[in-house]
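For the sequence shown, our numbering assigns the number 99 to the initial residue and increments by one for each residue that follows.
The structure appears right after this line, and notes come after that.
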Amino acid sequence: MTDPVLEPDDAATPLTPEEHEGLIPSYITLRHELNEAEQANILDAEGWAFARKRNVLDEAFLKSLHKRMFGRVWRWAGTFRHTERNIGVAPHRIGVDLRSLLDDSRYWIEHDTYPPDEIATRFHHRLVWIHPFPNGNGRHARLATDLLLTALGRPRFTWGRVSLVDRGKTRLAYVAALRAADGHDIQPLLAFVRS
99 MTDPVLEPDD AATPLTPEEH EGLIPSYITL RHELNEAEQA NILDAEGWAF ARKRNVLDEA
159 FLKSLHKRMF GRVWRWAGTF RHTERNIGVA PHRIGVDLRS LLDDSRYWIE HDTYPPDEIA
219 TRFHHRLVWI HPFPNGNGRH ARLATDLLLT ALGRPRFTWG RVSLVDRGKT RLAYVAALRA
279 ADGHDIQPLL AFVRS
């Protein structure tokens with residue numbers, strides 16, 4: 099029999115059995131219970147994150163943000179993954195690729211390489227592409243991107259105006275836009291983030 103929390107879900111990166119052992123609340127036995135616990139943790143983290151100005155383009159902050167978002171649910175929150183995934187860079191590349199993204203983003207901002215929305219969209223895409231954590235990467239990248247936008251004096255993205263955790267056509271549009279960006283076409287993602 100499969101574990102209902104580990105059942106395949108296109109809204110989440112599959113966890114290894116070892117990563118699943120990092121689940122903290124013992125009452126969670128179903129996927130919807132996990133989603134609810136994570137969402138409550140994320141809402142608290144969002145309040146913390148927007149309470150004052152943050153340096154989003156800092157590796158330590160990004161780890162801290164992930165820990166704030168998932169730390170009451172997963173013991174591994176805030177730590178980079180050590181396992182291969184069907185998405186993301188190899189685990190040994192996470193630190194290097196993340197530093198490259200942060201350096202590139204600072205350069206884009208300093209030199210007005212792109213308009214602020216495009217800087218944030220490119221940042222988001224690359225952070226999702228790196229996929230630094232065992233799970234929660236999309237939600238983490240969206241919150242980090244919104245923090246970057248506010249630091250750039252822009253309103254938060256609307257992200258299709260629905261929860262992207264749930265399956266549906268909006269999530270499919272988001273994933274399709276990310277895949278287009280993987281192929282070096284950023285336009286669908288630029289359109290999606292303000293839809």
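Heads up, the beta-carbon is just placed ideally off N, CA and C, and yes, glycines get one too.
For this session: Can you give me the Cβ contacts of N233 inside the same chain, cut-off strictly under 8 Å, excluding the 5 residues immediately before and after it?
Result: A110, T111, L113, E117, F168, W172
Problem set entry | R152 beta carbon less than 8 Å from that of L72 | Here the chain has residues from 99 to 293 only, and residue 72 is not among them.
Problem set entry | Limits of the unbroken alpha helix (DSSP H) element including L246 | 235 to 249
Exercise. Near K161, what residues of its chain come up, given a Cβ to Cβ distance below 6 Å and the 5 sequence neighbours on each side ignored?
Worked result: Cβ neighbours of K161 beyond the five flanking positions: G176.
Problem set entry | Contact belief for T268 with V260 at Cβ below 8 Å, rounded distance in angstroms | 5 Å
For this session: Assuming A138 and L163 form a contact by the criterion Cβ under 8 Å, report the distance between their Cβ atoms to the nearest whole angstrom.
Result: In fact, because the Cβ distance is near 16 Å, the residues do not count as touching under 8 Å.
Problem set entry | Continuous alpha helix (DSSP H) stretch holding L163: start and end | 157 to 168
Problem set entry | Nearest-angstrom Cα separation, counted from I192 out to G120 | 21 Å
Problem set entry | Other residues of its chain near L225: CB distance less than 6 Å, five sequence neighbours each side excluded | A239
Exercise. To the nearest whole angstrom, what separates the beta carbons of L155 and R204, a pair I think is in contact under 8 Å?
Worked result: 6 Å
For this session: Would you identify the three-state DSSP class for G146, choosing helix, strand or coil?
Result: Reading the sequence as shown, one finds Trp at residue 146 and not Gly. Three-state result, W146: helix.
Problem set entry | 6 Å Cβ shell around M99 - same chain, five flanking residues per side excluded | Confidence at M99 is low in this model, with a pLDDT of 40, below 50, so the placement of that residue is unreliable and no value is reported for it.
Problem set entry | Residue from L288, V273, L241 with nearest C-alpha to G145 | L241
Exercise. From this set, I122, I217, G236, R129, which residue's C-alpha is nearest D201's C-alpha?
Worked result: I217
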